[in-house]
Each structure stands twice: as structure tokens, then as C-alpha cells.
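Colleague: Per the working numbering, the very first residue in the sequence shown carries number 17; after that it's consecutive.
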Amino acid sequence: MRHLLGTFALDAFLITGNGTRIHSVDGNMLHRQDLNPEVADIVLHSTWDTQASVHVFNDEGWFTGREIPALLHAHVYSGFKYQLIDLRRIPAHKVTKICFCGDHDDLCRLRIQLNEALGDRAHLTFSAVDCLEVLPVGCNKGSALAVLSDHLGLTMQDCMAFGDAMNDHEMLSSVGRGLIMGNAMPQLIAALPHLPVIGHCRNEAVSHFLTHWLDKNNLPYSPE
């Protein structure tokens, strides 16, 4: 993400890793939260009934055990790439979060297995239809935004947020103005029925909404 900020010459605070990290405009870390080492050890060294691929993230990058070129398509602009490694060699105390990528129904069954094994020692969430994440307890975009808001002397009611997956649920439900993307997971729309649904990301709906909000805030908004 910092690479993209540099490309567009933007000065901004960064919340990354689904709230596991917050960085200042200067790139200094303001907040960090890592997965409980015991949880990381269980997830990485247990045998799960799933076809999903496993991915580990920490401050040194993105790690996985086999080549999956299709996963790089979403990162073509940022240049973010995985590093191949035996995941069992990664020290448990150096794991920020773990992701499973695969078929949604398979991941739903895996979530049941993980819940049974981990209980309340981790936070499980879908960051996409095909991505299930294992995060530190209490860690999400909403909790991270609350930390950053406090740092800036703001309240959550001062904030606006856009989201399209279940990992956005806490953030969208706690800000002053939450907006759901037209391409959002149906589960997110169902979970937050009181929030407006704007256009699809492929139609640049966020910039479309912000332009209206800045220039024509006195008029009703339409994603068309």
C-alpha cells in the first residue's frame, strides 16, 4: 500500500492487514497486533479437511507453500507478491495473520473446524468470498479505525467508510457514515440492512459517491 501512496504522491495514514497494523504518514508504526503464537502453531501444524491454500502474513511479507499465480492478479498495481516457503518453518511468534483461499463452500466447512479448534482465541472472517482469515482476537478494521481516530482526536462518528466483505462489518457498523459497495458479499448486505448500497467498484463507485458528497451534498445520491 505504501508503494501505491508513493505512486500517487499521497500523504495518508495506513490501516493494513485487516487492522493488524496502523502506520503514520511518515511510515512509523502506530499500532500492531499479532496472532497468538499458540493459535498460529495450531493452525499451521494441524491437518484440516480442506482444499484451500494457506497463506501467512507478517512484517516481512506474504508467504505460501506453492505457486498460485492467479492470486497475484489482485496485486498487479501494488506489486505485492508471495514468497514460497515451508510454512511450518515460520516461527509462531512471527505470524500476524493466516489466510485460507479457495472455494467458498469449502471455506465455510473449514470455518467450522477452525471454530471448534480455536474457540474464542481468534477472530475468523471472510475478507472475500474465496478468502477466510484467522486474525488476533478483537482485531478488525473497525477496532483499528477507532485507535487511529482517537490518535487524531476524532470520533468514529466523524468517519466515513466503504466496504464489500464481512471483514468490513465492524467498521461499517461503527462509523458515522457506512456505505456498502454494489459488489458486496450478500452476507454483508444482509447483516447491515440499514446501510445504503452504492455502485459497483468496477464503476469507480467510491470516487463517484465522494464527488457527489463534496459537490452536491444537498441533493439525493444515486449510483447511476
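Built from N, CA and C at the ideal position, the CB exists for glycine as well.
(1) At 4 residues or longer, what runs of the alpha helix (DSSP H) sit wholly inside the stretch 120 to 144?
(2) For Leu126, count neighbouring Cβ atoms within 10 angstroms of its own Cβ and tell me buried if that reaches 16, exposed if not.
(3) To the nearest angstrom, report how far apart Leu60 and His167 are at their CA atoms.
(4) Closest to Leu73 by C-alpha separation, out of Arg105, Asn52, Gly95 and Lys113, would be which residue?
(5) Check Trp229 in the structure and name its three-state DSSP category.
(6) From Asp102, Leu230 and Gly118, pick the residue whose C-alpha is nearest to that of Glu143; which is it?
(7) Which value, in whole angstroms, describes the spacing of the CA atoms of Met201 and Gly81?
(8) Tell me whether Val55 sits in a helix, a strand or coil according to DSSP, three-state version.
(9) Is DSSP giving Gln173 helix, strand or coil here?
(10) Would you please state the rounded distance, in angstroms, between the beta carbons of Val150 and Ala138? I believe it to be under 8 Å.
(11) Quick check on Lys157: buried or exposed, where buried means 16 or more other Cβ atoms within 10 Å of its Cβ?
(12) For the 8 Å Cβ check, are there 3 or more pairs between the stretch 24 to 40 and the stretch 101 to 109?
(13) Give the DSSP-derived three-state secondary structure of Met197 in the structure shown.
(14) To the nearest angstrom, how far is the alpha carbon of His120 from that of Cys147?
(15) Could you check where the beta strand (DSSP E) with Val150 kicks off and where it finishes?
(16) With Gly154 as the anchor, note down where its alpha helix (DSSP H) starts and where it stops.
(17) For Arg37, collect the residues of the same chain with a Cβ closer than 6 Å to its Cβ; drop the 5 residues on either side in sequence, then sort them by chain order.
Modeller: To lay it out plainly:
(1) 120 to 134
(2) In the sequence shown, the residue the question calls residue 126 occupies position 110. Buried, by the Cβ-count rule.
(3) The sequence position of residue 60 within the sequence shown is 44, counting from 1. The sequence position of residue 167 within the sequence shown is 151, counting from 1. In a straight line, the C-alpha of Leu60 is about 35 Å away from that of His167.
(4) Residue 73 sits at position 57 when you count from the first residue of the sequence shown. The identity of residue 73 in the sequence shown is Phe, whereas the question assumes Leu. Of the candidates Arg105, Asn52, Gly95 and Lys113, the one whose C-alpha sits nearest the C-alpha of Phe73 is Lys113.
(5) Stepping through the sequence shown from its first residue, residue 229 is reached at position 213. In the structure shown, Trp229 sits in a helix (DSSP, three-state: H, G or I).
(6) Along the sequence shown, one-based indexing puts residue 143 at 127. Contrary to the premise, residue 143 reads as Ser rather than Glu in this sequence. For Ser143, the closest C-alpha among the options Asp102, Leu230 and Gly118 is that of Gly118.
(7) What you label residue 201 is simply residue 185 of the sequence shown in a count that begins at 1. What you label residue 81 is simply residue 65 of the sequence shown in a count that begins at 1. Rounded to whole angstroms, Met201 to Gly81 spans 28 Å at the Cα level.
(8) Taking the first residue of the sequence shown as position 1, residue 55 is located at position 39. Three-state DSSP puts Val55 in a helix.
(9) Here residue 173 corresponds to residue number 157 of the sequence shown, with the count starting at 1. Looking at Gln173 - three-state DSSP - the assignment turns out to be helix.
(10) Taking the sequence shown and counting its residues from 1, the one referred to as residue 150 is at position 134. Taking the sequence shown and counting its residues from 1, the one referred to as residue 138 is at position 122. Right, their Cβ atoms sit about 5 Å apart.
(11) The residue you call residue 157 lines up with position 141 of the sequence shown. Its Cβ being crowded by 16 or more others within 10 Å, Lys157 is buried.
(12) Because the criterion of three Cβ pairs below 8 Å is not met, the stretch 24 to 40 and the stretch 101 to 109 do not touch.
(13) By one-based count along the sequence shown, residue 197 stands at place 181. Of the three classes helix, strand and coil, the one that applies to Met197 here is coil, per DSSP.
(14) By 1-based counting over the sequence shown, the position of residue 120 is 104. By 1-based counting over the sequence shown, the position of residue 147 is 131. If you take the alpha carbons of His120 and Cys147, they lie about 8 Å apart.
(15) Mapped onto the sequence shown, residue 150 falls at position 134. Note, Val150: beta strand (DSSP E), Cys147 to Leu151.
(16) Within the sequence shown, the letter at position 138 stands for residue 154. No alpha helix (DSSP H) holds Gly154; DSSP gives it neither H nor E.
(17) In the sequence shown, residue 37 corresponds to position 21, counting from 1. Answer for Arg37: Arg48, listed in chain order.
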